[in-house]
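Going by the numbering used here, 235 is the number at position 232 of the sequence shown; the sequence numbering is gapless.
Backbone N, C-alpha and C define an ideal beta-carbon position, used for all residues, glycine too.
Structure first, commentary second.
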Amino acid sequence: MSEKSSSSGSEEDVDPESGQPVELGGVLSKWTNYIHGWQDRWVVLKNNTLSYYKSEDEREYGCRGSLCLSKAVITPHEFDECRFDISVNDSVWYLRAEDPEHRLQWIESIELHKAESGYGSETSLRRHGSMLSLTSAASALSATSTSSFKKGHRLREKLAEMETFRDILCRQVDTLQKYFDSCADVSKDEFQRDRVEEDEEEFPTRPDAGEYNHNNNGSKEKLFSPASPKGMNGIDFKGEAITFKATTAGILSTLSHCIELMVKREDSWQKRLDKELEKRRRIEDAYKSAMNELKKKSHYGGPDYEEGPNSLINEDEFFDAVEAALDRQDKIEEQCQSEKVRIPRLTPVPPGDAYSTIGTHRFATKVEEMVQNHMTYSLQDMGGDANWQLVIEEGEMKVYRREVEENGIVLDPLKATHSVKGVTGHEVCHYFWDTDVRLDWETTIENFNVVESLSDNAVIVYQTHKRVWPASQRDVLYLSAIRKILATNENDPDTWLVCNFSVEHDKALPTNRCVRAKINVAMICQTLVSPPEGDKEISRDNILCKITYVANVNPGGWAPASVLRAVAKREYPKFLKRFTSYVQDKTAGKPILF
């Protein structure tokens, strides 16, 4: 069953000789669980049983699960045209084919196997060869009982007998026809002989005229004698007549049984049809009810799960699923980074003074307010504030969190401090703000675009983040501004700042596909320079960037508090390490940008 699946099977679903469905095998995506999602499995349909293996090569190790299809309910998915579900009592398999055509092939094959599991299927009435003799046919007729119809095989046997009787009867008719033709020839010869005898009484010419008849070719042939037990050419007329009578009696008797069985079979089919129609009606009603219920409340463990406060999945399971999805994304990103050849981007960098000015666009006042708030509160020391908890400390990096919830939604503000050698605050903020290099270091974004450029140092950006199942996909619309705050004291360093905060824009309205998150994020950097020895010029060994990163994120929808906090504890340190390493790589060997 994203469960990217392919399925293959036999071109013919029914064996032309036996009339039974043949084995069908192929790859289908099967929903495993909420941690591993859809996985490709080798699925085999044979003898009214559906089995699956991890792969085709592992069939010899035994199947991982099987379903008997006699009472299975096959349900094509309402929205996913490649998916179908198979349920037997409380057991449900969620499967996805490569395309709708393969899904139809699998469903039809499964339905065919279900039909063959009972009696009275149409394909079971196919011809079977028979070499029955008259004796065996007679004994079969005498042993025939209408009660044997319960096994569902007598009609087929009777049809086979009819085939045998037909062949025997055809041979007997040919034999009798030859005999009748011979009799007709003999009668003609006798008539001619009588004429000759009358002539010979008047003109006797030949002593053996009554015993032989001259043929056209001049040879003599002995005529038929009624006293002989056999007729012309050694044909036993009496025996053939008795056999012919027995054959016709057998045909009539077998035909009578066939008619009786077919009448009963028709009644049975009608009853089964009525039951099937009633069963399908109940299934359709139950399916509609289940779909309506599914829209209201999540289905535990299934691929149709949607996040929400009424979810039946517990927080530990939710976290396991999120963590597994994040691990898969990390592996994919590492592989992409190792294979990707970076193309140098020659983006012009405006001088630092250009970022010192306050913009004149319609959001200029809001930007200035945000900048001042970050400069006032974000740079405060965390040591004396009991509301902030130190959750991560790795070398120069420290991550703090303050737990805040509103209406069940986690809004924990987060603050991280870090020191990075060899880069300046201007360089760190430039790469954090520049949208041309955003995808080079940001791994959580699926796509983004600049909705509007407000000025040289302010843009409005819309971006969607990769979905981490079972959470819904998130998008965000925010204004991003970069500023340089000049120091009021000549001994203090200048401060570079990038602030990103949510706004609204007519070109990026919220949609049902994503949950709109709200953010207020700031990257605040200061450059410390240690004087070089002697008359040496300042190098990157002499500079150190102190970073303060703050993030206030409203996820826009419900998710377990423990999961959000655990993910933040895991992802934010990784992000800081990944981003600062990227800046160090990009600036290595280049002139220092103060």
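For Cys186, the three-state secondary structure derived from DSSP is helix.
Of all C-beta pairs linking the region 536-543 to the region 493-504, fewer than three are shorter than 8 angstroms, placing the two stretches out of contact. DSSP places Arg477 in the uninterrupted beta strand (DSSP E) bounded by Arg477 to Ile488. Per the Cβ contact rule, the region 90-100 is in contact with the region 61-75 (3 or more Cβ pairs under 8 angstroms). Shown here for His377: same chain residues with a beta carbon closer than 8 angstroms to its own, the five before and five after excluded, namely Leu500, Cys502, Ala525, Ile527 and Val553 in chain order. Secondary structure of Gly40 (DSSP, three-state): strand.
Here DSSP, grouped into helix, strand and coil, assigns Trp391 to coil. Contact between Arg62 and Tyr55 fails: their C-beta atoms lie close to 10 angstroms from each other, not under 8 angstroms. The region 521-587 is shown to contain whole beta strand (DSSP E) runs of 3 or more residues at 521-532 and 546-557, in chain order.
Below 8 angstroms, enough C-beta pairs join the region 505-520 and the region 469-476 to call them touching: three or more.
By the Cβ-count criterion, Leu567 is buried, with 16 or more other Cβ atoms from all chains shown falling within 10 Å of its own Cβ.
Under a 10 Å Cβ-count criterion, His39 is classified as exposed, with fewer than 16 other Cβ atoms of the shown protein chains found around its own Cβ. In the DSSP assignment, Cys432 falls within the unbroken alpha helix (DSSP H) covering Gly428 to Trp436. Ranked by Cα distance from Leu512, the options Arg441, Glu493, Gln273 and Tyr465 are led by Tyr465.
The C-beta separation of Ala484 from Asn460 comes to about 6 angstroms, placing the pair in contact by the 8 angstroms criterion. In the displayed model, Arg284 falls within a helix according to three-state DSSP. Taking a 10 Å sphere around the C-beta of Glu164, we find 16 or more other C-beta atoms and assign the residue as buried.
Between Leu172 and the set Ile254, Gly242 and Asp188, the nearest pair of CA atoms involves Ile254. In the three-state reduction of the DSSP assignment, Gly65 falls in the coil class. Here Thr52 is bridged, per DSSP, to Lys49 and Cys71. Membership of Ala367 in the alpha helix (DSSP H) is indicated by the continuous run Ala367 to Asn376. Our two residues, Thr363 and Glu455, have alpha carbons roughly 15 angstroms apart in a direct line. Shown here for Leu414: same chain residues with a beta carbon closer than 8 angstroms to its own, the five before and five after excluded, namely Val407, Glu408, Asn555, Val556 and Asn557 in chain order.
Residue state for Arg470 is assigned as coil, using DSSP reduced to three classes. The continuous stretches of beta strand (DSSP E) do not include Arg516, and DSSP gives it neither H nor E. With respect to the 7 angstroms criterion, Ile546 and Thr427 are classified as neighbours on the basis of their beta carbons.
Counting of Cβ neighbours within 10 angstroms places Gln392 among the exposed residues, the total staying below 16. With respect to the C-alpha of Gly425, the residue from Ala252, Ile77, Ile595 and Arg44 having the closest C-alpha is Ile595. Here Ile550 is buried: its Cβ has 16 or more other Cβ atoms, across all protein chains shown, within 10 Å.
Looking only at Thr467, His429 and Ser505, the smallest Cα-Cα distance to Thr530 is reached by His429. Under the three-state reduction of DSSP output, Ser112 falls in the helix class. Between Phe366 and the set Ala357, Leu442, Leu457 and Lys267, the nearest pair of CA atoms involves Leu457. Leaving aside the five residues that flank Val374 on each side, the residues in its chain whose CB is nearer than 8 angstroms to its CB run, in chain order, Ala484, Arg486, Ile488, Leu500 and Cys502. For Lys33, the closest of Arg67, Asp277 and Asn50 by C-alpha to C-alpha distance is Arg67.
The beta carbon of Ile395 lies closer than 6 angstroms to those of Val402 and Pro576 in the same chain, with the five residues before and after it left out.
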